[in-house]
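Let me begin by presenting the structure, written as structure tokens, before commenting on it.
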Amino acid sequence: MKTLKKHWKWAALAAVIVLLIAIFTTWRPVKNPATQEYIVGSGNCRGQVDTARFLAVDDAFAIGADEDGMAVFKNPARALRALRTHYGEGIWAVQKELYMLPLTPYTYNLYGMYGWQLTEGTEEELRQARFVTGFVDIYENSFQ
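Residues in the sequence shown are numbered from 0 upward in steps of one, following numbering that gives the first Met the number 0.
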């Protein structure tokens with residue numbers, strides 16, 4: 000009991016550090032939120048994103064447009080969780096072949112650059128890795 004009383008400050012500090020690490024690896028403030036619907040060719044919407052392709056997978060991939068007309072996910076954190084759920088094999092294949100860190104809101108950039116370049120894996124893993132690259136193209140618009 001004396002040991003616990005003696006080291007409670009260190010235990011509390013360690014708990015706070017673990018909590019902060021957990022928060023910052025799963026959450027990131029959105030710089031460019033969706034402020035309008037994304038409809039190709041209407042208003043100030045830029046690009047030609049196939050929103051139906053994303054919505055066919057999961058409602059979490061709902062795409063809107065920021066104030067500049069760039070395609071963004073309406074809820075980027077939910078979209079990233081859905082990506083990990085539905086495309087985990089493709090994410091793992093990218094990590095394994097290219098020795099990358101796990102996909103988080105802070106490490107997504109490399110997945111956009113290298114996900115489509117896989118040379119090893121099953122056809123399904125390659126397809127999923129290509130989808131991850133397309134996902135990152137939209138996901139990064141929320142933060143840049």
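Just so it is clear, CB atoms sit at the ideal spot from N, CA and C, and this is done for glycine as well.
Under the three-state reduction of DSSP, Val71 is assigned to strand. Within a 10 Å sphere around the beta-carbon of Gly114 sit 16 or more other beta-carbons, which makes this residue buried. Residue environment: Pro101 is assigned as exposed (fewer than 16 neighbouring CB atoms within 10 Å of its CB, all protein chains considered). Taking the Cα positions, Glu66 is about 15 Å away from Asn74.
Setting aside the 5 residues that flank it on each side, Asp136 is surrounded in the same chain by Gly111, each with a C-beta closer than 7 Å to its C-beta; the list follows chain order. If the five residues before and after Phe60 are omitted, its C-beta is found closer than 7 Å to the C-beta atoms of Phe53, Leu54, Phe72, Ala78 and Ala81, all from its own chain and listed in chain order. Bridge pairing for Glu36: Gly63 [DSSP]. When the alpha-carbon of Asp57 is set against those of His85, Glu36, Gly40 and Glu96, the nearest one is in His85.
Trp91: member of the alpha helix (DSSP H) spanning Gly87 to Leu97, first to last residue. Here Asp49 carries a coil assignment [DSSP, helix/strand/coil]. Secondary structure note for Phe130: its alpha helix (DSSP H) is the uninterrupted segment Glu122 to Tyr138.
Ala70 has its alpha-carbon roughly 24 Å from the corresponding atom of Leu125.
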